[in-house]
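Residue numbers (the working numbering), protein chains in the order written: chain A, 6 to 266; chain B, 6 to 266. This report refers to the structure that appears directly beneath it.
Laid out in structure tokens, this is it:
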């Protein structure tokens, strides 16, 4: 058995999310990638990812792994990414691949992740950003938003920002950075890096901060929302199309033991 | 009758082009916009654009005009763009509108146009540029491409770069600028401004230049292709998704007589 790790980018618009949602929901990313792998290797493949992304959410640097009954040597003379591109549509691209040690696990070995959320901030919408951003008409006060984001950094219980669903015992997470910045004249970007994220946590954090900005609520009240451990206290969930899984981080020693293909 | 001029951006991916192509080809931009206008004004509206765009081709700054049986005063108290957005999908956005003088004509008054063509130039494709660029794997030599583009500037007969279709008597056009540049690490942009463009002329010019670069053909041979007045001598048509109608220009005095809404 050979363990393969790969980096994949996808436009999530036309998918029901990472995980299969039932026959009527459309293709899931996991299913689409597993089917492509099974075609390329002519054997059933089970795929693990660093985490699930919701319907409509995108990834620049999702990380996955799978085991396949093919000797390592065969991979070294062969362009795996290219072979996969032959059976995938244009909205999924395998960017890099490695032969991974047996103790590498895309989900369990991940130490932290960075997400980005894009807001298109102009009086008129932009059709070229419609699939990849949330449109906000009123000019955003980034300094104000940054004061909100500052409340999130550190170790906190994020239960108030978790959408009901999969039950999680421990809702404490550590946020390493939370930054609002203007990427170009009309594009605003929120970057958040943390040890892990609860269900729809980034979208709930973005939605809440945008509501605080809209109604000019005192940013320090975000601490009270965190303390309440109550989803009702936080704001609405921001729409999925603005969210992008930017990068997943693994321990340096594990990275070193992955051999690039 | 009031004449309205407007500026519209659209993602052409899901359209059969500007003009209606028959029932099986999917919606055209003209039809979609005319239906939206008819809904907003509750009367039949005929729409003129600066020119047609092909299936899959995008526009940032397409210019249109129409006449409507509504007094001018009504427009001044009303957000026309906003009303249109209510009946349009996210892939078309009306950005600005003006009350235009009766002698303004979106097609006939246009003096020149700028198109841009985007090439995503990296070993691996990018799913977020799949709809808006042509993917070229091999690193492009921009200096070489610029030497090709330099051959195009000036007044020439572009018959060799015209795709058969609508017959045009005069195939002489003037190119004011033709520029290749790197917009970001992996994105290459070709900008061309001219007095007018024949059917698929920009895509034929891009396809030919990319072939010259690939096979390192002497750039000055482009002059021979122009002189031949024979489509067979030029290269392949570059795919539509890389092309964007960037801006349409009108005489300054006509612009001045258009009153912004």
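Here a beta-carbon is modelled for each residue, glycine too, at the ideal position from N, C-alpha and C.
Whole-number beta carbon distance between residue 133 of chain A and residue 137 of chain B, since they are thought to touch under 8 Å: Yes, they are in contact, since the Cβ atoms of residue 137 of chain B and residue 133 of chain A sit about 7 Å apart, within 8 Å.
Which ranges would you report for the alpha helix (DSSP H) in the segment 108-192 of chain B if only whole runs of at least 4 residues count? If we require 4 residues or more, the alpha helix (DSSP H) runs fully inside the segment 108-192 of chain B come out as 147-155.
Decide if the segment 202-222 of chain B is in contact with the segment 112-130 of chain B; the criterion is three or more beta carbon pairs, one per stretch, under 8 Å apart. A contact exists between the segment 202-222 of chain B and the segment 112-130 of chain B.
Between residue 44 of chain B and residue 36 of chain B, is the Cβ-Cβ spacing less than 7 Å? Not closer than 7 Å, so no.
I believe residue 241 of chain A touches residue 165 of chain A by the beta-carbon criterion, under 8 Å. Please report the beta-carbon distance rounded to the nearest angstrom. Their Cβ separation, rounded to whole angstroms, is 13 Å, which puts residue 241 of chain A and residue 165 of chain A out of contact at 8 Å.
Show which residues of chain B have a CB atom less than 7 Å away from the CB atom of residue 262 of chain A. Against chain B, the beta carbon of residue 262 of chain A has no neighbour under 7 Å; the closest one sits roughly 23 Å away.
C-beta atoms of residue 129 of chain A and residue 98 of chain B nearer than 7 Å: A contact, by the Cβ cut-off of 7 Å.
Which residues, in chain order, does the segment 171-197 of chain B contribute to contact with chain A at a C-beta distance below 8 Å? Result list empty, no residue passes.
Within chain B, partners of residue 276 of chain A - CB distance below 9 Å: In the structure displayed, chain A extends from 6 to 266; residue 276 of chain A sits before or after that span and is not available.
Output the boundary residues of the beta strand (DSSP E) element that contains residue 207 of chain B. Annotation for residue 207 of chain B: no beta strand (DSSP E) segment contains it, though the alpha helix (DSSP H) segment containing it runs 206-220.
Under 8 Å between beta-carbons, which chain A residues line up against residue 96 of chain B? List them in chain order, please. Going along chain A in sequence order, the residues near residue 96 of chain B (Cβ under 8 Å) are 132, 135.
Take residue 161 of chain A and list the residues in its own chain whose beta-carbon comes closer than 6 Å to its own, dropping the five residues that flank it on each side. Once the five neighbours on either side are set aside, the close Cβ partners of residue 161 of chain A are 231.
Residue 58 of chain A: buried (16+ other C-beta within 10 angstroms of its C-beta) or exposed? Counting Cβ neighbours within 10 Å, residue 58 of chain A comes out buried, since at least 16 surround it.
Can you name, in chain order, every residue of its own chain whose Cβ lies under 6 Å from the Cβ of residue 46 of chain B, other than the five neighbours on each side? So the list reads 73, once near-sequence residues are dropped.
Are residue 145 of chain A and residue 126 of chain A touching if we call contact CB-CB under 7 Å? In this structure, residue 126 of chain A lies closer than 7 Å to residue 145 of chain A by Cβ.
Compute the distance between the beta-carbons of residue 236 of chain A and residue 200 of chain A, then report whether it is under 7 Å. Not in contact: residue 236 of chain A and residue 200 of chain A (Cβ atoms no closer than 7 Å).
What is the residue span of the beta strand (DSSP E) that residue 81 of chain A lies within? In the DSSP assignment, residue 81 of chain A falls outside any beta strand (DSSP E) and lies within the alpha helix (DSSP H) extending over 77-81.
In the DSSP output, what is residue 308 of chain B paired with across the bridge? In the structure displayed, chain B extends from 6 to 266; residue 308 of chain B sits before or after that span and is not available.
Quick check: the Cα distance between residue 21 of chain B and residue 247 of chain B, rounded to an integer number of angstroms? The C-alpha of residue 247 of chain B is placed about 16 Å away from the C-alpha of residue 21 of chain B.
Pull the bridge partners of residue 194 of chain A from the DSSP assignment, please. Residue 194 of chain A pairs with A:123, A:186.
Following the continuous beta strand (DSSP E) through residue 253 of chain A, name the residue where it begins and the one where it ends. From DSSP, the beta strand (DSSP E) with residue 253 of chain A extends over 248-254.
Would you give the residue range spanned by the alpha helix (DSSP H) that residue 46 of chain A belongs to? Secondary structure note for residue 46 of chain A: its alpha helix (DSSP H) is the uninterrupted segment 34-46.
Return the CA-CA distance between residue 257 of chain A and residue 193 of chain B, expressed in angstroms with no decimal places. Just so you know, the alpha carbons of residue 257 of chain A and residue 193 of chain B end up roughly 34 Å apart.
In this structure, how does DSSP classify residue 273 of chain A when only helix, strand and coil are distinguished? The question about residue 273 of chain A has no answer, for chain A in this structure spans 6 to 266.
Chain-ordered neighbours of residue 16 of chain A on chain B, where CB pairs are closer than 9 Å: Result: 132, 133, 135, 136.
Give a yes or no on whether the minimum CB-CB distance between residue 10 of chain A and chain B is below 7 Å. With 7 Å as the cut-off, residue 10 of chain A does not count as an interface residue toward chain B.
Pick out whichever of A:189, A:131, A:182 has its Cα sitting closest to the Cα of residue 153 of chain A. Taking only the C-alpha atoms, the option nearest residue 153 of chain A is A:182.
Under three-state DSSP, which class holds residue 56 of chain A? Looking at residue 56 of chain A - three-state DSSP - the assignment turns out to be coil, as it is neither helix nor strand.
Where residue 242 of chain B falls: helix, strand or coil (DSSP): Here residue 242 of chain B sits in coil by DSSP.
Have a look at A:61, A:100, A:173, A:169 and flag the residue whose alpha-carbon is nearest the alpha-carbon of residue 1 of chain A. The first residue shown for chain A is 6 and the last is 266, placing residue 1 of chain A beyond what the model contains.
Proximal residues of chain A, C-beta to C-beta of residue 129 of chain B below 7 Å: Result: 86, 98, 100.
For residue 265 of chain B, does the three-state DSSP call read helix, strand or coil? In the structure shown, residue 265 of chain B sits in a strand (DSSP, three-state: E or B).
Pairwise C-alpha distance: residue 69 of chain B and residue 266 of chain B: Cα atoms of residue 266 of chain B and residue 69 of chain B: separation of roughly 15 Å, rounded to the nearest angstrom.
Taking DSSP's pairing of strands, which residues face residue 199 of chain B in a bridge? In the DSSP secondary-structure assignment, residue 199 of chain B is bridged to B:118, B:180.
In angstroms with no decimal places, state the Cα-to-Cα distance between residue 260 of chain A and residue 85 of chain A. Whole-angstrom Cα-Cα distance: 19 Å.
Excluding the five sequence neighbours on either side, which residues of its own chain have a C-beta within less than 6 Å of the C-beta of residue 214 of chain B, listed in chain order? Same-chain partners within the cutoff: 150, 153.
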